[in-house]
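2 protein chains.
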Amino acid sequence: MSHKITIKDVATQAGVSEATVSRALNDSPQVKAHTRQRIQELARQLGYHPNGLARSIRVQHTHTLGVIIPDILNAFFTQIVRAIEDAADAAGYDVLIMNTDEHLSRETKALDLMLEKRVDGVIITSAGGPTDYATRLGDTPAVFVDRMPPHKAERFDRVLVDNVQATEDLVTRLIDRGSTRVGIINSAVSMTATERLQGYHQALQKAGMAFDPAIEVNARTDNSNVSQMTRQILVNQRCDGLFAADNTIMDTVLHRIPELQLPPFQLGGFDDQDWFDFLPYHIVTAKQPISQIAQTAVDRLLARIRQPRMAPEEFRLPAQIITH
Amino acid sequence: MSHKITIKDVATQAGVSEATVSRALNDSPQVKAHTRQRIQELARQLGYHPNGLARSIRVQHTHTLGVIIPDILNAFFTQIVRAIEDAADAAGYDVLIMNTDEHLSRETKALDLMLEKRVDGVIITSAGGPTDYATRLGDTPAVFVDRMPPHKAERFDRVLVDNVQATEDLVTRLIDRGSTRVGIINSAVSMTATERLQGYHQALQKAGMAFDPAIEVNARTDNSNVSQMTRQILVNQRCDGLFAADNTIMDTVLHRIPELQLPPFQLGGFDDQDWFDFLPYHIVTAKQPISQIAQTAVDRLLARIRQPRMAPEEFRLPAQIITH
DNA sequence: ATGAAAGCGCTAACAG
DNA sequence: CTGTTAGCGCTTTCAT
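In order, the protein sequence lines correspond to chains A and W. Read in full-length UniProt numbering, the first sequence has 172 at position 172, and its numbers run on one by one without any break. Read in full-length UniProt numbering, the second sequence has 234 at position 234, and its numbers run on one by one without any break.
Structure below.
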């Protein structure tokens with residue numbers, strides 16, 4: 001933020017008042033067409049760039065939305081961001097992105113920064129943990145996407161996939177394709193895990209299969225564990241089906257499988273990836289409706305910005321089962 | 001940006017002046033330890049959040065860096081961002097990310113927005129095109145990463161991989177692994193393409209192979225073309241080696257290959273991806289030194305922020321050839 | 001159609 | 001150690 005041309009500079013150069021320059025630059029119809037053009041031209045020549053900070057502090061909004069994601073290396077979130085940008089762009093809003101790398105401390109910092117930068121609203125895919133969003137956010141409008149706030153979630157708008165239905169459909173598909181015994185490696189994100197486990201159970205039940213705790217495991221972030229779990233389920237427990245409850249788990253599973261010398265089996269997971277097509281075996285996924293999730297989130301956020309007192313709501317969107 | 005608690009509110013509540021509150025909140029040693037704590041506590045209770053805009057406008061910097069990337073769905077840029085964040089974080093700087101989706105108009109908007117938000121400096125991976133960065137940037141420090149500005153590049157700091165050496169090494173590796181005739185589908189990004197083509201030629205020359213224009217093609221953004229080119233080179237032209245000059249080209253190539261029923265062949269490309277391990281055949285890649293690129297970029301940017309008149313420099317970093 | 005002046009929230013002299 | 005005051009760059013009444 002080095003030495004910059006201000007509106008004052010333009011004003012003196014043009015021989016008018018700062019007010020007139022401001023009006024001219026904002027295309028106010030009050031200012032005579034001729035002088036308006038003259039001023040705009042001059043401003044361009046001088047390389048004038050409006051100071052958005054000063055403007056925002058005056059008009060009391062920034063016209064920008066903040067987006068906080070936990071993992072920018074994860075294609076799911078990256079697609080979410082992309083879709084949010086499209087939706088926000090269509091509504092004439094700017095978007096600022098911050099990545100927390102699944103660190104609570106960085107999420108806290110990210111949120112604080114966005115608040116300090118006075119975004120008009122924020123879309124959060126929480127890194128989980130004990131953050132008290134209610135007090136932290138104050139009255140900044142927020143909507144949660146994909147992952148819910150751990151406490152008092154019902155006080156916020158949230159939009160996410162119908163995890164239990166999607167999982168039920170997915171596991172059912174695995175069974176339809178021939179699996180007789182399908183294990184699960186569940187997500188480390190707690191609420192997501194709970195819901196997906198329920199869907200898993202429903203699918204087994206419908207198929208008349210018994211639950212077996214030995215093949216229901218839950219991932220911590222530790223990668224080697226998931227790798228071991230894969231072997232445990234697919235080899236020791238002789239499953240011919242496996243549901244990897246999320247993106248990152250799937251990744252580890254995929255890394256382990258080749259060295260396992262497995263007989264034919266069915267593999268299912270959440271979140272579609274382009275390159276699943278390249279795998280030497282089939283894979284079925286629950287593809288989340290990313291565009292709709294994003295659209296719903298920004299619609300809702302924008303609505304709340306205009307109408308802060310709206311009652312919070314939860315939006316559940318259906319996933320689509322795809323076989324690669 | 002709804003109704004918010006200001007420093008004034010805290011001041012009256014605490015029965016002190018705004019200045020004292022400001023000092024207390026900024027941990028100034030000038031204010032008595034006791035009152036400082038009292039004020040900080042009170043601020044917390046009131047849910048006070050400093051207005052960063054007001055602060056920045058006053059102190060004339062934001063302590064934040066802007067990062068503009070052309071494609072957030074591309075893992076390469078995503079990793080770059082991630083590495084930049086780490087480097088910036090270590091230096092105590094915040095970073096704001098914007099994605100342009102390869103649209104010039106969005107890049108222009110993104111850059112303007114960052115300037116309006118008065119980032120202290122900006123790291124740009126240009127979407128290409130005729131943007132005149134010199135006048136657009138004014139005197140905001142900038143460094144270009146991976147893709148150079150189309151005009152007057154020498155007026156800016158830029159850090160990127162040594163494309164020609166990396167390509168030469170890569171293609172040489174392909175040949176070493178048995179390729180006798182290796183084609184190239186080159187990048188749509190012009191300068192990158194030029195350099196990689198040169199490396200390709202150098203490799204052929206060293207191996208005593210003749211160039212054949214029939215197997216030197218250049219991708220436009222049109223996907224179906226790349227798909228056709230793949231067939232053209234690998235089938236019609238009977239190449240037993242192919243160099244896909246970037247990420248997105250490789251993706252299309254990979255999509256086309258299975259249906260081509262090819263005899264053994266060597267495939268090489270830029271930018272490593274985790275899932276290359278899962279492919280049913282080997283692939284060799286030139287892995288860019290992402291962390292170093294990012295570190296160099298932010299080091300340089302920070303240096304330029306302190307010392308704006310430094311002469312611009314170009315930093316070339318070596319890639320690493322990897323076989324999956 | 002334009003100008004003068006106030007003020008957004010904050011920090012930095014300058015006084016005391 | 002704390003208060004008063006001015007001012008960052010901009011927009012917006014209120015005058016004229």
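By construction, the Cβ of each residue, glycine as well, lies at the ideal position given by its N, Cα and C atoms. Computed from a predicted model, the values in this text were never measured in an experiment.
| said: If we define contact as Cβ-Cβ less than 7 Å, is P50 (chain A) a contact residue for chain W? | reply: Yes - at least one Cβ of chain W is within 7 Å of the one on P50 (chain A).
| In its own chain, which residues sit with a C-beta less than 6 Å from the C-beta of R304 (chain W), not counting the 5 before and 5 after it? | P141, M310
| task | Can you grab the Cα-Cα spacing for the pair V21 (chain A) / I7 (chain A), in whole Å? | result | 7 Å
| request: With 7 Å as the threshold, decide whether the Cβ of V226 (chain W) is near any Cβ in chain A. | output: no
| Do the CB positions of D272 (chain W) and N247 (chain W) come within less than 7 Å of each other? | no
| task | Taking only the alpha-carbon atoms, compute the straight-line gap between R196 (chain W) and A319 (chain W) and give it to the nearest angstrom. | result | 13 Å
| query | Distance, Cα to Cα, S2 (chain A) vs M148 (chain A)? | reply | Residue confidence is low: S2 (chain A) scores 48 on pLDDT, short of 50, so the model does not pin down where it sits. No coordinate-derived value is stated.
| query | For the ligand ATP, is there a heavy atom less than 6 Å away from the beta-carbon of D101 (chain W)? | reply | The model depicted lacks the ligand ATP and carries no ligand whatsoever.
| query | Run through DSSP, which three-state label would N51 (chain A) get? | reply | coil
| field | Three-state secondary structure (DSSP) of G199 (chain W) | value | Collapsing the DSSP output to three states places G199 (chain W) in a helix.
| field | Proximal residues of chain W, C-beta to C-beta of N26 (chain A) below 9 Å | value | Residues of chain W passing the Cβ test: none, with the nearest at roughly 13 Å.
| Beta-carbon spacing of D157 (chain W), V143 (chain W) below 7 Å | Going by C-beta atoms, D157 (chain W) is nearer than 7 Å to V143 (chain W).
| said: Just to confirm the assignment, what range does the alpha helix (DSSP H) spanning M209 (chain A) have? | reply: Taken as a continuous stretch (DSSP letters only), M209 (chain A) belongs to no alpha helix (DSSP H), as it is neither H nor E.
| By the 10 Å Cβ neighbour count, where 16 or more other Cβ atoms means buried, how is A214 (chain A) classified, buried or exposed? | exposed
| task | Taking D94 (chain W) as the query, report the chain A residues whose CB atoms sit under 7 Å from its CB, ordered along the chain. | result | The answer, in chain order, is L113.
| Which residue spans inside the segment 231-259 of chain W form an unbroken beta strand (DSSP E) run of at least 3? | Fully enclosed beta strand (DSSP E) runs of 3 or longer: 241-244.
| request: Determine which residues share a DSSP beta bridge with F270 (chain W) and list them. | output: W:A286
| Quick one: complete alpha helix (DSSP H) runs, 4+ long, within the segment 118-180 of chain W? | 133-137, 163-176
| said: Three or more C-beta pairs under 8 Å: does that hold for the segment 125-137 of chain W against the segment 285-301 of chain W? | reply: no
| task | Please work out which residues of its chain come closer than 8 Å, Cβ to Cβ, to E102 (chain W), disregarding the five sequence neighbours upstream and downstream, and give them in chain order. | result | P70, D71, A127, T221
| field | Min CB distance T73 (chain W) to chain A below 7 Å | value | Residue 73 (chain W) is actually Leu in this sequence, not Thr. Cβ-Cβ to chain A under 7 Å: yes for L73 (chain W).
| query | Under a three-way DSSP split, which group does L96 (chain W) fall into? | reply | strand
| message | Cβ closer than 8 Å: which chain W residues qualify as neighbours of R82 (chain A)? | response | Going along chain W in sequence order, the residues near R82 (chain A) (Cβ under 8 Å) are I72, L73, N99, D101.
| field | Euclidean distance between Cα positions of V164 (chain W) and A11 (chain A) | value | 51 Å
| said: How far does the beta strand (DSSP E) with I184 (chain W) in it extend, from its first residue to its last? | reply: 182-186
| message | Please confirm whether G183 (chain W) has its beta-carbon closer than 7 Å to some beta-carbon of chain A. | response | no
| request: State the Cα-Cα distance for the pair A19 (chain A) and V119 (chain A), rounded to the nearest angstrom. | output: 26 Å
| task | Give the residues of chain W in contact with I57 (chain A), contact being defined as C-beta atoms less than 8 Å apart. | result | N51, L53, A54, I57
| said: For R181 (chain A) and T172 (chain A), what's the separation of their Cα atoms in angstroms? | reply: 12 Å
| Endpoints, beta strand (DSSP E) assigned at T6 (chain W) | Counting along the chain, T6 (chain W) falls outside any beta strand (DSSP E), and DSSP gives it neither H nor E.
| request: Assign R155 (chain A) to one of two classes, buried (16 or more other C-beta atoms within 10 Å of its C-beta) or exposed (fewer than that). | output: exposed
| query | First and last residue of the alpha helix (DSSP H) that includes L317 (chain A)? | reply | From DSSP, L317 (chain A) is part of no alpha helix (DSSP H) but of the beta strand (DSSP E) over 314-317.
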